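Undergrad: Residue numbers (UniProt numbering): 5 to 359. Note that beta-carbon positions come from the ideal geometry of N, C-alpha and C, so glycine has one too. Source: prediction; values computed, not measured. Here you go, one structure.
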Ligand code: ATP
Ligand code: MG
Ligand code: FE
């Protein structure tokens, strides 16, 4: 089976061709990503209208490029998979309508893929993981701990009740006049900082529910920065290091509880695994924290290569292939994009928000 994947939910336009053989072994035939970082950097964040326009301008060419690099034409493709949520509605419309148009014109089936499902199943492509496993998604738009039980079977154990972790990094950077995107800048500055200088809050630590909250942390950063302004480079470094320390301790508590819950639920799983995804997975302090936590709890720590942790079309294509292989019917061509679309559809009603 061979599928064309399309991703346009945020600030990356991406197309990819991926195959899966009868044994389930994947081959990535092409993987094309165009990041809109430059378009948005002047604004310190993703501007939805600019993102949608950039997707319109780039997507056709990117799809051609993905087919060319894979050395196939549309007639060699068995299906199309396009992200249809969650994300910015303008971008989703561009990608999903393009997917529909190709499906209609070629008579091939269309899979409307949940972006989060793409992240959730990536570790099966990169590391051949078997179900069940735990997945932590930490990106600019999401912070979620998800139990992955099977294709289409997800349970959301925790989510952020305010800011996403990547968003907290970005906002902290902005407060400190560091460049966008904030994550890498904060990590860089933190290297020469003292993580003990500021005692920033560790929201929700100790709570039985596995949710996250990062907006209070950002407020504490603002207060500290205002109190000691004007900031020297050392002050900035110390704030960044202390911020990362608070993040680490929060993750340690929240995810630690998640690992324990997993073990209690699946005592017979021989090698339980925690997968990390999203741009914040690039952060070495975060990685180190999760690795140590996994070592301590005898979990395998799986961090797919960074270009497959951040937004890409390979994961969307792969999610489509996994659905095909599981016998899930393709979507009707009147399927609509959804800006909010929790993986675990009971979660929205349970918690009252869709982030
Ligand atoms: P979505 O949330 O829809 O998946 P996104 O574009 O917001 O998409 P990614 O592209 O996966 O998410 O990740 C971007 C985020 O990752 C940004 O918030 C960025 O600051 C953060 N990030 C990138 N590198 C680092 C790093 N080294 N340390 C911390 N955060 C980082
Ligand atoms: Mg992105
Ligand atoms: Fe993403």
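Kindly list the residues whose CB is nearer than 6 Å to the CB of residue 68, restricted to its own chain and excluding five residues on each side of it in sequence; keep chain order.
TA: Translated into positions along the chain shown, residue 68 becomes position 64. Cβ within range, chain order: n/a, list empty.
Undergrad: Cβ atoms of residue 164 and residue 147: under 8 Å apart, would you say?
TA: For the purposes of this step, residue 147 is taken as residue 143 along the chain shown, with counting starting at 1. For the purposes of this step, residue 164 is taken as residue 160 along the chain shown, with counting starting at 1. In this structure, residue 164 lies closer than 8 Å to residue 147 by Cβ.
Undergrad: Could you please give me the residues that DSSP links to residue 216 through a beta bridge?
TA: For the purposes of this step, residue 216 is taken as residue 212 along the chain shown, with counting starting at 1. Looking at the DSSP assignment, residue 216 forms a beta bridge with 164.
Undergrad: Any heavy atom of the ligand MG closer than 7 Å to the beta-carbon of residue 314?
TA: Position 310 of the chain shown, counted from the start, is the residue given in the question as residue 314. Yes; taking the cut-off as 7 Å, the Cβ of residue 314 has a heavy atom of the ligand MG nearer than that.
Undergrad: Work out the CA separation of residue 297 and residue 244 for me, nearest whole Å.
TA: Here residue 244 refers to the residue found at position 240 when the chain shown is read from its first residue. Here residue 297 refers to the residue found at position 293 when the chain shown is read from its first residue. Distance between the alpha carbons of residue 244 and residue 297 is about 22 Å.
Undergrad: Can you check whether the C-beta of residue 179 is within less than 8 Å of a C-beta belonging to chain B?
TA: In the structure shown, chain B cannot be found, because there is only a single protein chain.
Undergrad: I need the straight-line Cα distance from residue 327 to residue 114, nearest angstrom please.
TA: For the purposes of this step, residue 327 is taken as the residue at position 323 of the chain shown. For the purposes of this step, residue 114 is taken as the residue at position 110 of the chain shown. So the alpha carbons of these two residues sit roughly 11 Å apart.
Undergrad: Which residues mark the beginning and the end of the alpha helix (DSSP H) in which residue 252 is found?
TA: The residue you call residue 252 lines up with position 248 of the chain shown. Here the alpha helix (DSSP H) through residue 252 covers 237–269.
Undergrad: Do residue 123 and the ligand FE come close, with the Cβ less than 7 Å from some heavy atom?
TA: Residue mapping note: residue 123 aligns to position 119 of the chain shown, counting from 1. Yes, since a heavy atom of the ligand FE falls inside the 7 Å radius drawn around the Cβ of residue 123.
Undergrad: If you draw a straight line from the C-alpha of residue 311 to the C-alpha of residue 83, how long is it?
TA: Within the chain shown, the letter at position 307 stands for residue 311. Within the chain shown, the letter at position 79 stands for residue 83. One C-alpha to the other measures close to 23 Å.
Undergrad: Do you know offhand how far residue 62's Cα is from residue 17's?
TA: Taking the chain shown and counting its residues from 1, one reaches residue 62 at position 58. Taking the chain shown and counting its residues from 1, one reaches residue 17 at position 13. For residue 62 and residue 17, the distance between alpha carbons rounds to 7 Å.
Undergrad: Kindly indicate which residue of 87, 126 and 183 has the alpha-carbon position closest to the one of residue 32.
TA: Here residue 32 refers to the residue found at position 28 of the chain shown. Comparing Cα positions, the closest option is 126.
Undergrad: Here's the rule I'm using: 16 or more other beta-carbon atoms within 10 Å means buried, otherwise exposed. How should residue 104 be labelled?
TA: For the purposes of this step, residue 104 is identified with residue 100 of the chain shown, where counting begins at 1. Per the 10 Å Cβ criterion, buried.
Undergrad: Suppose contacts are defined by Cβ-Cβ distances below 8 Å. Is residue 48 in contact with residue 178 by that definition?
TA: By one-based count along the chain shown, residue 48 stands at place 44. By one-based count along the chain shown, residue 178 stands at place 174. Taking 8 Å as the Cβ cut-off, residue 48 and residue 178 qualify as a contacting pair.
Undergrad: Count the other CB atoms within 10 Å of the CB of residue 24; is the residue buried (16 or more) or exposed (fewer)?
TA: Stepping through the chain shown from its first residue, residue 24 is reached at position 20. Classification of residue 24: buried, given that the 10 Å Cβ count is 16 or more.
Undergrad: Is the separation between the beta-carbon of residue 9 and that of residue 85 shorter than 8 Å?
TA: Residue mapping note: residue 9 aligns to position 5 of the chain shown, counting from 1. Residue mapping note: residue 85 aligns to position 81 of the chain shown, counting from 1. Yes, the pair counts as a contact, with Cβ atoms nearer than the cut-off.
Undergrad: Have a look at the DSSP bridge pairing and note the partners of residue 139.
TA: Against the chain shown, residue 139 aligns to sequence position 135. Residue 139 is bridged to 150 and 279.
Undergrad: Residue 259 to residue 308, Cα distance in whole Å?
TA: Position 255 of the chain shown, counted from the first residue, corresponds to residue 259. Position 304 of the chain shown, counted from the first residue, corresponds to residue 308. Spanning the two alpha carbons is a distance of roughly 18 Å.
Undergrad: Which value, in whole angstroms, describes the spacing of the CA atoms of residue 348 and residue 119?
TA: Start at 1 with the first residue of the chain shown, and residue 348 comes out as number 344. Start at 1 with the first residue of the chain shown, and residue 119 comes out as number 115. Taking the straight line from one Cα to the other gives about 12 Å.
Undergrad: If I follow the unbroken beta strand (DSSP E) through residue 305, where does it start and stop?
TA: As a first step, residue 305 must be located in the chain shown, where it is residue number 301. 304–306 is the span of the beta strand (DSSP E), which, as asked, contains residue 305.
Undergrad: Less than 8 Å between the CB atoms is what I'm expecting for residue 19 and residue 78, so what's the real figure, rounded?
TA: Indexing the chain shown from 1 puts residue 19 at position 15. Indexing the chain shown from 1 puts residue 78 at position 74. Between residue 78 and residue 19 the Cβ distance is about 12 Å, and since that is not below 8 Å, they are no contact.
Undergrad: List the endpoints of the continuous beta strand (DSSP E) containing residue 172.
TA: Position 168 of the chain shown, counted from the start, is the residue given in the question as residue 172. Looking at the DSSP string, residue 172 is not in any beta strand (DSSP E); the run it does join, the alpha helix (DSSP H), is 169–179.
Undergrad: If you scan the stretch 14–80 from start to end, which runs of the alpha helix (DSSP H) of 4 or more residues do you find wholly inside it?
TA: Counting only runs of 4 or more, we get 41–45 and 52–74.
Undergrad: By alpha-carbon positions, which one of 95, 248 and 166 ends up nearest to residue 198?
TA: Taking the first residue of the chain shown as 1, we reach residue 198 at position 194. Comparing Cα positions, the closest option is 248.
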